[in-house]
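Engineer: The structure that follows is given in the form of structure tokens.
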Amino acid sequence: MVAAPPTPSAVDADTVSAPADSRGVAWWRRWEIPTWLVAVAIYGAWAGLVLFHAVIPWPLLVVAGAYVLAWHFSLQHEAIHGWRSIPLWLRTALVWPPLGGWLPFALYRHSHTVHHRNHHLTYPGLDTESVYHREEDWARYSKAWRAVLMFNQTLLGRMLIGPVLRLRKLLLTEGALVRAGDFRNGGIWLRFAVGLAAVLWFVSSVAHMPIWKYYLLMVYPAFSLGLVRAFIEHRWGEHPEERVASVESNWVFGLVFLWNNLHIVHHLDPVLPWYEIPGAYRRDREGLLRRNGSYVFRGYGEIARRWLLRPVFIPIHPRGSPDKAVTPAARRGA
1 MVAAPPTPSA
11 VDADTVSAPA
21 DSRGVAWWRR
31 WEIPTWLVAV
41 AIYGAWAGLV
51 LFHAVIPWPL
61 LVVAGAYVLA
71 WHFSLQHEAI
81 HGWRSIPLWL
91 RTALVWPPLG
101 GWLPFALYRH
111 SHTVHHRNHH
121 LTYPGLDTES
131 VYHREEDWAR
141 YSKAWRAVLM
151 FNQTLLGRML
161 IGPVLRLRKL
171 LLTEGALVRA
181 GDFRNGGIWL
191 RFAVGLAAVL
201 WFVSSVAHMP
211 IWKYYLLMVY
221 PAFSLGLVRA
231 FIEHRWGEHP
241 EERVASVESN
251 WVFGLVFLWN
261 NLHIVHHLDP
271 VLPWYEIPGA
281 YRRDREGLLR
291 RNGSYVFRGY
301 GEIARRWLLR
311 PVFIPIHPRG
321 SPDKAVTPAA
331 RRGA
């Protein structure tokens, strides 16, 4: 049985908890060997792809590069919640290199920890990963901007322009802090710049891969692939568990997402190691689907068939804030 929804402190990325009593636990689980193997595979595959980029056909480079960099992002996600057999500083160091080329790990760790306050899920301004907008904000948007946001609600749109919208949101958020005289993230961005310079030095000077090629054929496709997972994983529901999806996909997607596609398990037990998620899901599938209102899909193929070109929902939040009643217009939109 998966544990009850955690409190915010249960998923605090800065909390280091000792491993559970390991007596009788297989050594490979006690030391989280599957996670170490994934880390070795990611960094080895990344180095191989950039070093041999010139002899790899570009379609294959796009597919493999997207997979490996999205996999690295999943490893960063695992380091936020799990990998508790090693101290925080070490797991941070192991996933910190900015291979993805756009987001400092420290900012991701903070925003994702806020996202795991389950009672705030989907609320704009409270959930850092929400795609919803307050009804009054939506009414003020231009028709062109609404059209952009609605295109982003299709799977094709999320993959094509979703990365640009995410970058826009990041720049607006960080820019607002700077304009307010708040430089709290200055050190984070400085360290990120140094790390990114080292990554791009290896890409361009050691592997002789043009930086534009790295971003166009590896970074952007990886960003898009990551947004495929995020596309449908949250929607509005009266109860927090009903806001979290389960996508019963195959091992190809399961591995790249480290089984975070079975998202209901992750939100109910965020410190559960990634390789134990499928077993937990199989053991209590019926109970989990009762809790999330049968918010389940048979795979990403089903999602693509239904919403590749059609908006999954109008992104007006039915309430806008936890203490606001549902309005008729927002109810129609959601």
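FYI, the numbering for the sequence shown is 1 to 334, going by UniProt numbering.
Beta carbons are placed, not taken as given, at the ideal position from N, Cα and C, and that holds for glycine.
All figures in this text were calculated on a predicted structure; none of them were measured in a lab.
In whole angstroms, what is the alpha-carbon distance linking residue 333 and residue 64?
Structural biologist: The residue given as residue 333 occupies position 333 in the sequence shown. The residue given as residue 64 occupies position 64 in the sequence shown. The predicted position of residue 333 is uncertain, since its pLDDT is 43 and thus under 50; no value can be drawn from it.
Engineer: What residues in its chain sit with their C-beta under 7 Å from that of residue 192, if we drop five residues either side in the sequence?
Structural biologist: Counted from its first residue, the sequence shown places residue 192 at position 192. 98, 104.
Engineer: Since residue 178 is in the alpha helix (DSSP H), which residue starts that stretch and which ends it?
Structural biologist: Residue mapping note: residue 178 aligns to position 178 of the sequence shown, counting from 1. From DSSP, the alpha helix (DSSP H) with residue 178 extends over 162-179.
Engineer: Would you list the residues sitting across from residue 297 in a DSSP beta bridge?
Structural biologist: In the sequence shown, counting from the first residue as 1, residue 297 sits at position 297. Partner(s): 247.
Engineer: Less than 8 Å separating the beta-carbons of residue 238 and residue 291?
Structural biologist: If you number the sequence shown from 1, residue 238 lands on position 238. If you number the sequence shown from 1, residue 291 lands on position 291. Contact annotation: residue 238 and residue 291 have beta-carbon atoms that are not nearer than 8 Å.
Engineer: Please report the straight-line C-alpha distance between residue 362 and residue 141, rounded to a whole angstrom.
Structural biologist: Any answer about residue 362 is impossible in this case: the structure gives the chain only from 1 up to 334.
Engineer: For residue 250 and residue 297, what's the separation of their Cα atoms in angstroms?
Structural biologist: Taking the sequence shown and counting its residues from 1, one reaches residue 250 at position 250. Taking the sequence shown and counting its residues from 1, one reaches residue 297 at position 297. Roughly 12 Å between the two C-alpha positions.
Engineer: Where DSSP assigns a beta bridge to residue 316, which residues make up the other side?
Structural biologist: By 1-based counting over the sequence shown, the position of residue 316 is 316. In the DSSP output, where bridge partners are listed per residue, residue 316 has 133.
Engineer: Within the segment 106-155, note down every full alpha helix (DSSP H) run reaching 4 residues or more, in order along the chain.
Structural biologist: Within the segment 106-155, the complete alpha helix (DSSP H) runs of at least 4 residues are 135-140, 143-151.
Engineer: Along the alpha helix (DSSP H) that carries residue 287, what are the first and last residues, could you check?
Structural biologist: Against the sequence shown, residue 287 aligns to sequence position 287. From DSSP, the alpha helix (DSSP H) with residue 287 extends over 285-291.
Engineer: Would you check if the segment 104-119 and the segment 187-205 touch, i.e. whether three or more CB-CB distances between them fall below 8 Å?
Structural biologist: yes
Engineer: Helix, strand or coil for residue 208 per DSSP?
Structural biologist: As a first step, residue 208 must be located in the sequence shown, where it is residue number 208. In the structure shown, residue 208 sits in coil (DSSP, three-state: anything other than H, G, I, E or B).
Engineer: For residue 223 and residue 80, I'd like the C-alpha separation in whole angstroms.
Structural biologist: In the sequence shown, counting from the first residue as 1, residue 223 sits at position 223. In the sequence shown, counting from the first residue as 1, residue 80 sits at position 80. Approximately 19 Å, taken between the alpha carbons.
Engineer: Should residue 131 be labelled buried (16 or more other beta-carbon atoms within 10 Å of its own) or exposed?
Structural biologist: Taking the sequence shown and counting its residues from 1, the one referred to as residue 131 is at position 131. With 16 or more other Cβ atoms within 10 Å, it is buried.
Engineer: Could you check where the alpha helix (DSSP H) with residue 49 kicks off and where it finishes?
Structural biologist: For this step, residue 49 is matched to residue 49 along the sequence shown. Per DSSP, residue 49 belongs to the alpha helix (DSSP H) from 33-51.
Engineer: How would you write the range of the alpha helix (DSSP H) that residue 183 sits in, first residue to last?
Structural biologist: Your numbering for residue 183 matches position 183 in the sequence shown. Looking at the DSSP string, residue 183 is not in any alpha helix (DSSP H), and its letter there is neither H nor E.
Engineer: Within 10 angstroms of its Cβ, does residue 113 collect 16 or more other Cβ (buried), or is it exposed?
Structural biologist: Translated into positions along the sequence shown, residue 113 becomes position 113. Classification for residue 113: buried.
Engineer: Rounding to the nearest angstrom, what Cα-Cα distance links residue 313 and residue 306 in this structure?
Structural biologist: Indexing the sequence shown from 1 puts residue 313 at position 313. Indexing the sequence shown from 1 puts residue 306 at position 306. Going from the Cα of residue 313 to the Cα of residue 306 covers about 12 Å.
Engineer: Decide if the segment 71-91 is in contact with the segment 266-275; the criterion is three or more beta carbon pairs, one per stretch, under 8 Å apart.
Structural biologist: Flag = yes, the segment 71-91 and the segment 266-275 touch.
Engineer: Using the C-alpha atoms, what's the distance from residue 283 back to residue 26?
Structural biologist: By 1-based counting over the sequence shown, the position of residue 26 is 26. By 1-based counting over the sequence shown, the position of residue 283 is 283. Roughly 20 Å between the two C-alpha positions.
Engineer: Go ahead and label residue 294 buried or exposed: buried means 16 or more other beta carbons lie within 10 angstroms of its beta carbon, across all protein chains shown.
Structural biologist: Here residue 294 refers to the residue found at position 294 of the sequence shown. Under this definition residue 294 is an exposed residue.
Engineer: Per DSSP, which one or two residues make a beta bridge with residue 234?
Structural biologist: On the sequence shown, residue 234 is found 234 positions in, with the first residue counted as 1. According to DSSP, which records beta bridges pairwise, residue 234 is partnered with 244.
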